[in-house]
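Asker:
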Amino acid sequence: LKFEIVRKAGLGGKLFGSVTNRDLVELLKENGFELERRAILLNTPIRNVGTHEFSVRVHTEVTVTLQIKVIGDTVEAPAVEKPKEDAADATVIDSEELEKLEELEANKDPEEIE
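Just so you know, the working numbering puts 1428 at position 50 of the sequence shown, and the rest follows in order with no gaps.
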């Protein structure tokens, strides 16, 4: 038996998240097999697209090896935007300070400006 599951993945085939025993139990239930989670023997969660093997302990002495094909639903990288000017970097001047600056500009000698 071969099973397929679709998961979101990056461009390199690495999954966002992983396929675990619980996912495999749900997949088997959808296909008419009633098993407990601990009956699935998966050494480590599946983190990459491709074909992977896992075992199912049907009985204490009976183990079956199955294959699952993990298909990547690739997510495109967002376009790089130019950073917008942060408001935190901007200088904030209240109306009183603005008036003082305008007064100073008006009172400057023409020689000081050059």
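Each residue gets a CB set at the ideal place from its N, CA and C atoms; glycine is no exception. Here the structure is a predicted model, which means the values were calculated and not measured.
(1) Which same chain residues, not among the five before or five after Leu1393, have their C-beta less than 8 Å away from its C-beta?
(2) By the DSSP assignment, the alpha helix (DSSP H) with Glu1382 in it spans what residues?
(3) Return the first residue and the last residue of the beta strand (DSSP E) that Asp1451 is part of.
(4) Classify Leu1413 as helix, strand or coil using the three-state DSSP reduction.
(5) On the DSSP letters alone, give me the boundaries of the alpha helix (DSSP H) that Leu1406 sits inside.
(6) Terminal residues of the continuous alpha helix (DSSP H) containing Asn1421?
(7) May I have the straight-line CA-CA distance separating His1437 from Gly1395, to the nearest angstrom?
(8) Counting only the same chain and skipping the five closest in sequence on each side, list residues whose C-beta sits under 7 Å from that of Leu1405.
Answerer: Taking the coordinates as given:
(1) Arg1385, Lys1386, Ala1387, Ile1424, Arg1425, Asn1426, Val1427, Val1448, Gly1450
(2) Premise fails: Glu1382 lies in the beta strand (DSSP E), 1380–1387, not in any alpha helix (DSSP H).
(3) Taken as a continuous stretch (DSSP letters only), the beta strand (DSSP E) holding Asp1451 covers 1440–1452.
(4) Leu1413: coil per DSSP, three-state reduction.
(5) Here the alpha helix (DSSP H) through Leu1406 covers 1399–1408.
(6) Neither: Asn1421 is in no alpha helix (DSSP H) and is coded neither H nor E.
(7) If I take the Cα positions, the gap works out to 30 Å.
(8) Phe1381, Ile1383
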